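Quick note, in the working numbering, the sequence shown goes up one by one and the last residue is 198.
Every residue, glycine too, gets a C-beta built ideally from N, C-alpha and C.
All of these numbers come straight from a predicted model, not from anything done at the bench.
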Amino acid sequence: MDPNEPRIRTLITEGQITARIRELGAEITRDYTGRHLVLLCVLKGSFMFTADLARAISLPMRIEFLGLRSYGDGTRSTGVVQITQDLTQPIAGEDVIVVEDIVDTGLTLNYLLDLLRARGPRSVRVCTLLHKPARTKQPIRIDYLGFTVEDQFVVGYGLDCGQRYRNLGYVGVVE
Ligand code: IMP
């Protein structure tokens with residue numbers, strides 16, 4: 024191993040993530056029984072979470088991807104968001120679950136929810152793997168939550184630092 028490489032301290036193990044996703048999937052399956060879902064993966068951070076969550080839900084579903092770019096200085100968001108890749112089909116009349124990697128200040132998600140609601144879905148709920156309540160600027164109703172984390176910058180399982188570490192199977196902190 025390169026001694027100059029930063030060490031990643033594990034915060035949430037792969038096993039803990041798998042177990043929690045199984046529970047979230049069962050809860051969503053119960054809540055939406057008899058309905059069709061649109062699982063909306065917010066790129067890039069939630070690609071891994073969406074892939075695992077989708078497999079834990081036993082319902083007919085369509086999976087959509089939305090590319091977002093938040094303006095900020097890399098570790099801080101401003102709430103100004105640009106869509107870099109839009110949905111391939113309308114969501115009017117659909118039950119949508121937005122799948123996020125992390126809700127930090129809440130600014131990005133707040134902007135996104137306004138944008139989605141303007142498209143006339145039947146319902147929109149939020150499922151996020153992580154939440155950092157200490158940093159909330161815009162309170163958001165989170166319907167399905169994986170884990171709460173403290174105010175520290177986390178990477179892995181889809182989350183990056185300068186586009187690195189997304190491929191880790193666990194969530195950790197760069198030391
Ligand atoms: P918010 O607008 O402050 O809630 O930030 C949301 C976005 O910032 C997330 O979807 C992530 O892409 C990114 N982000 C916030 N905190 C972290 C972190 O600790 N690690 C990696 N990305 C983060």
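Taking the Cα positions, residue 41 is about 34 Å away from residue 141. Secondary structure at residue 123: strand, using DSSP grouped into helix, strand and coil. Around the C-beta of residue 138, fewer than 16 other C-beta atoms lie within 10 Å, and the residue is accordingly described as exposed.
When the beta-carbon positions are compared, residue 163 and residue 132 come within less than 7 Å of each other. For residue 111, same chain residues with a beta-carbon under 7 Å away, outside a window of 5 residues either side, are 87 in chain order. If you ignore the 5 residues before and after residue 166, its C-beta comes within less than 6 Å of the C-beta of 148, 149, all in its own chain and listed in chain order. The alpha-carbon separation between residue 32 and residue 26 amounts to approximately 15 Å.
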